[in-house]
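Report on the structure given below.
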Amino acid sequence: MNPSKVIGLVALAEKPGLGEALRIMRRELSRHGLGSCVIETPDALERAIGRCGMLVTFGGDGTMLTVSSLAAMHRVPLAGVNLGRLGFMTTCSVQELPLLAYALQEGSYLTDERSMLEVVRVGGDGVAAPPRKLALN
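Numbered by this note's numbering, the letters in the sequence shown go through residues 1162 to 1298 in order.
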């Protein structure tokens, strides 16, 4: 990860324990010399993504799915912290945040390339009409 980039901490929905998780993550990133910014709305995400070297979502799989298409379009890696119940995609727990921060600082993490589905609406004239939509598979 480019050290001049910050870690975007994406918290789009209020969840129990969110404030504490963000506080822990910001402290741990700072301890490892990494900058961060908290992103709380889709508009803020669109404005901030260009300066982010990585996005970490806080919530559940729904938050990760919401963020995934924009992250893919900007080729920004995405990790998820589970604040919900199951978390098939958001596999990191709040207790593992210090390890996540360390891995990000060291670059000692693996990425998993996922398939994305692209949806294009075609008009009656056979021409694709914007907007282009991506969905995580």
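Just so you know, even glycine gets a beta-carbon here, dropped at the ideal spot from N, CA and C.
It should be emphasised that the depicted structure is a prediction, and the values quoted were computed from it without experimental measurement.
May I have the straight-line CA-CA distance separating residue i from residue j, to the nearest angstrom?
i, j, result
"LYS1166", "GLY1196", "8 Å"
"LYS1176", "ALA1209", "22 Å"
"LEU1261", "HIS1235", "22 Å"
"LEU1297", "ILE1200", "21 Å"
"GLY1284", "PHE1249", "36 Å"
"GLY1287", "LEU1173", "37 Å"
"GLY1241", "LEU1216", "8 Å"
DSSP state of residue i, grouped into three classes?
i, result
"SER1269", "coil"
"SER1276", "coil"
"ALA1174", "coil"
"MET1186", "helix"
"LYS1259", "Checking the displayed sequence, the identity of residue 1259 turns out to be Pro instead of Lys. Helix, per DSSP."
"GLY1194", "coil"
"GLY1180", "helix"
Would a C-beta distance cut-off of 8 Å place residue i and residue j closer than the cut-off?
i, j, result
"ASP1222", "THR1202", "no"
"ILE1185", "CYS1213", "no"
Can you say whether residue i is buried or exposed, counting buried as having 16 or more other CB atoms within 10 angstroms of its CB?
i, result
"THR1224", "buried"
"VAL1228", "buried"
"LEU1190", "buried"
If I follow the unbroken alpha helix (DSSP H) through residue i, where does it start and stop?
i, result
"THR1227", "1222-1234"
"LEU1244", "Counting along the chain, LEU1244 falls outside any alpha helix (DSSP H), and DSSP gives it neither H nor E."
"LEU1206", "1203-1209"
Tell me the residue span of the beta strand (DSSP E) that contains residue i.
i, result
"SER1308", "As displayed, the chain neither begins before 1162 nor continues past 1298, which places residue 1308 out of reach and without an answer."
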